[in-house]
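Counting with mature numbering (1 follows the signal peptide of the UniProt record, and there is no 0), you get residues -19 to -1, 1 to 75 for the letters of the sequence shown.
Below you'll find the structure, written out as structure tokens, and then a few comments.
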Amino acid sequence: MRRLWVPLLLLHCAIFTSSTSSNDQETHIRVKRGSSEKRVVCYYTNWSVYRPGTAKFTPQNINPYLCTHLIYAFGGLDKENGLRPFDKYQDIEQ
């Protein structure tokens, strides 16, 4: 249960960000958007390739015309606060 709160928090933030009004003066990305532009935020986990059967989901399954933004989970930080892969086989070697 402890590891579940991070994906839930990210999902909540993605939903909140995509549902906020585009007329807001201040946004996290500070981009002026027209009132008709919407954000479709998609969340992809690197472990979804290990699901069995039809639940398996690979990067090739992502429709690039569906999402305006993509959140990729999960990554890590090394001792120098640099990026490191969470799953080296899926994140780099594939």
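Where a beta carbon is used, it is the ideal one built from N, C-alpha and C, also for glycine.
Between asparagine 27 and glutamine 71, the C-beta spacing is below 8 angstroms.
At least 8 angstroms separates the beta-carbon of phenylalanine 38 from that of glycine 56. The Cβ atoms of cysteine 48 and valine 30 lie no closer than 8 angstroms to each other. Annotation: the continuous beta strand (DSSP E) that includes cysteine 23 extends over 22 to 26. For tyrosine 53, the uninterrupted beta strand (DSSP E) segment begins and ends at 50 to 54. Excluding its 5 nearest sequence neighbours in each direction, tyrosine 25 has C-beta neighbours in its own chain below 8 angstroms: Phe38, Pro40, Ile43, Leu51, Ile52, Tyr53 and Ala54, listed in chain order.
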